[in-house]
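Residue numbers (numbering that gives the first Met the number 0): 0 to 344.
Accompanying notes for the structure given below.
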Amino acid sequence: MALASMSPMDRIMAVCHHEIPDRVPFLLTSREFGLRYAGVKHSKAYEDPEIYIGAQLKLLKDFQLDGVWDIWCTPAVDEALGATMEIPDDDPPWITRPCVHGPADLEKLKPVNPWRDGRMPYLLDVIARLKKAVGPDVPVIAWASPPFRTACMIRGNTELYMDIYDNPQFVKNLLEFTTETCTAYGKALVEAGADIIATSNPVANMDCISLDHFKEFAHPYSKRMFAALKDAGAKAINFHTCGRWDDRYELCVENADIIHCDRVDLGEFKAKYSNKVVTMGNVKSVATLLQGTSEQVAAEALQCMAAAPGGRYIFSSDCAVPRDPPPANVRAMANVREEVGAYPV
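Pasting the structure below:
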C-alpha cells in the first residue's frame, strides 16, 4: 500500500462527509484486548489512567488503527445514580444491584454532575489524557449509555419490560430523567476531549422489545440525546446495533453518523443506507477473531472489504473485540487493510 496521505481523523471524517479517503478507515472496539495485549489486568485501568492510555497507544501504533477508545465502563452513570457496580479483576464492570425498585424511587433520584459524582470524573480524566496524548489527528471515541439502557440498568431489565405493560407512564418519566442524565455525561465526554460518541442499546433490539415499544420507549429518547451531543460538538455518533435490528434500522440511522453493524450483510446494508450513515464492521468477534485461525480472519476480512468501494465504510469487527483473541488474528485484520485497503479499492 502507498504511504498514507491522511491522518486518522481526516480519514474518519472523510467517510462521514461522503468523501473518499486515502484508504479504508480501521477501527476496533479494543478496550479489553488492548489491556490483555499490554499485559495488564482490567481492574488496573481503574487505578492508574496512564496504564490504560499506554495500552491504547500501543494498539494504535502496532495495528495502525484510526482511533483510540475510552475505558470500558458502560455502567458509569448507573453507578452514580445509586446502582451497585462490581469491577472484576480482569473483566469489564457490571451492575449487580439496581437502585430503582418502583415509582416511589424515581422521586429520590437526583441529577448527577459528571465532573463530581461516582467514577465519572476519573473516566473524564482518562479522556482528557487520551486526547492530549494523541492530539488532533487521531479521534478519541467515548461511550455514553443511551437512556433506555440506563433505565434498564437502574431498574432491572425484566422489571422495566414488565413496567412497559403495567405502568408505561412511570417508564416514560424514568426515561425523561435518564435522558437528561445520559446527555449530561455525553456532553462532559465531548468537553473532556472525545471526538466521537459511541453507544449501543442491546436491551432494545428485536429479541428484547417489539418495534412498537422501540418506537415509543427507546428511539425518541436516544434520538434526542444524539442531537444534543452533536450540538455540543461531537463530530460523529457511532451506534452499535448489537444483536438483531432488522425491523428498526430505518429508525437507527436517524441522528447517527456511523452504524457499527452486527448481524447484517455489509453490502446490502451499505447499498440501502449509505446515503444516511457510514457502515462499520463486521468480522465476527467471537466465531472468527477469537475462535478462528488467522487464515480464517483474513478470508472474512477480505469479504468485508467488498463493502469498501465508494467510501462510506469503516473496517472493523462486528462487536467489541474480546479480551483473548490471538494477537496474530488481530494482526491478520490489520494486514488485510494494509494490503487491499488503499483507494481506489
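Virtual Cβ for every residue (Gly too), placed ideally from N, Cα, C.
Neighbourhood of residue i by C-beta distance below 6 Å, restricted to the same chain and skipping five residues each side
| i | result |
| --- | --- |
| arginine 148 | Asn200 and Val202 |
| phenylalanine 314 | Val23, Phe25 and Arg336 |
| glycine 151 | Contrary to the premise, residue 151 reads as cysteine rather than glycine in this sequence. Leu159 and Val202. |
| alanine 127 | Ala191 and Gly192 |
| serine 29 | Leu58 and Val320 |
| glutamine 55 | Gly33 and Val67 |
| lysine 186 | Ala231 |
| methionine 0 | Summary for methionine 0: the model assigns pLDDT 46, below 50, so the residue's position carries little reliability; its value from the coordinates is reported in the next sentence. Once the five neighbours on either side are set aside, the close Cβ partners of methionine 0 are Glu337 and Ala341. |
| histidine 239 | Ser199 and His259 |
| isoleucine 52 | Arg128, Leu129 and Ala132 |
| serine 273 | Arg311 |
| serine 221 | Pro145 |
| asparagine 254 | Lys222, Phe225 and Ala226 |
Given residue i as reference, the closest of the options once Cα atoms are compared
| i | options | result |
| --- | --- | --- |
| proline 102 | Ile196, Ala331 and Phe169 | Phe169 |
| proline 97 | Lys109, Gln295 and Ala82 | Ala82 |
| phenylalanine 225 | Gln302, Ala298, Trp142 and Ala306 | Trp142 |
| glutamate 31 | Asn166, Leu58 and Ile19 | Leu58 |
| aspartate 211 | Leu265, Asn281, Glu175 and Leu250 | Leu250 |
| valine 133 | His218, Ile208 and Asp65 | Asp65 |
| arginine 311 | Leu265, Asp89, Ala331 and Ile163 | Leu265 |
| glutamate 18 | Ala298, Val277, Asp245 and Ala331 | Val277 |
| asparagine 281 | Met84, Ser293, Ala255 and Met332 | Met332 |
| valine 296 | Arg330, Phe213 and Thr240 | Arg330 |
| glutamine 63 | Asp256, Cys318 and Ala3 | Ala3 |
| glycine 155 | Glu294, Asp245, His100 and Met279 | His100 |
| cysteine 72 | Asp61, Ala44 and Ala37 | Ala44 |
| isoleucine 195 | Asn166, Asp245, Ile236 and Pro219 | Ile236 |
| aspartate 256 | Cys241, Ala37, Lys275 and Glu175 | Lys275 |
Close Cβ partners of residue i (< 7 Å) along its chain, the five nearest in sequence each way excluded
| i | result |
| --- | --- |
| arginine 243 | Asn204, Met205, Asp206 and Arg262 |
| threonine 177 | Pro146, Thr149 and Ala150 |
| tryptophan 114 | Pro120, Leu123 and Ala187 |
| asparagine 172 | Leu105 |
| arginine 223 | Thr178 |
| proline 74 | Ala82, Met84, Pro92, Trp93, Ile94 and Met152 |
| serine 353 | Since the first residue of the chain shown is 0 and the last is 344, residue 353 is not available in this structure. |
Residues that residue i bridges to, as DSSP identifies them
| i | result |
| --- | --- |
| arginine 22 | Ala341 |
| threonine 178 | Answer is none; threonine 178 lacks a bridge partner. |
| tryptophan 68 | Ile140 |
| glutamate 85 | Trp93 |
| serine 315 | Asn281 |
| histidine 100 | Answer is none; histidine 100 lacks a bridge partner. |
| cysteine 260 | Thr240 |
Distance cut-off 6 Å: residue i Cβ against heavy atoms of the ligand FMN
| i | result |
| --- | --- |
| glutamate 294 | Among the components of this structure there are no ligands whatsoever, and the ligand FMN is therefore not found. |
8 Å Cβ shell around residue i - same chain, five flanking residues per side excluded
| i | result |
| --- | --- |
| aspartate 136 | Ser6, Pro7, Met8 and Asp9 |
| aspartate 69 | Arg30, Leu122, Val125, Ile126, Leu129, Val139, Ile140, Ala141, Trp142, Leu188 and Ala193 |
| lysine 40 | Leu34, Asp88 and Asp89 |
| isoleucine 163 | Val170, Ile208, His212 and Phe216 |
| valine 111 | Val76, Ala79, Leu80, Gly117, Met119, Thr180, Ala183 and Tyr184 |
| leucine 27 | Leu58, Phe62, Leu64, Ser315, Ser316, Val320, Val329 and Met332 |
* Counting pairs of Cβ atoms below 8 Å between the segment 310–325 and the segment 278–295, do you hit three or more? -> yes
* Asked: With contact counted as at least three CB pairs below 8 Å, one residue from each stretch, are the segment 118–127 and the segment 76–84 in contact?
  -> yes
* Touching or not, the segment 229–239 and the segment 264–271, by the rule of three or more beta carbon pairs under 8 Å? -> no
* beta strand (DSSP E) segments (min. 3 residues) lying fully within the segment 190–222 -> 195–199
* What residue ranges within the segment 124–151 form continuous beta strand (DSSP E) runs of no fewer than 3 residues, ordered along the chain? -> 139–142
* Spell out a yes or no on whether the segment 0–14 and the segment 43–51 are touching, meaning 3 or more CB-CB pairs, one atom from each, closer than 8 Å. => no
* Asked: Is the segment 328–342 touching the segment 297–317 in the sense that three or more CB pairs, one from each, lie closer than 8 Å?
  -> yes
* Enumerated in chain order, which unbroken segments of the beta strand (DSSP E) with a length of 3 residues or greater are wholly contained in the segment 219–248? -> 235–240
* Let me know the alpha helix (DSSP H) ranges lying completely inside the segment 11–64, each 4 residues or longer, listed in chain order. => 30–36 and 48–62
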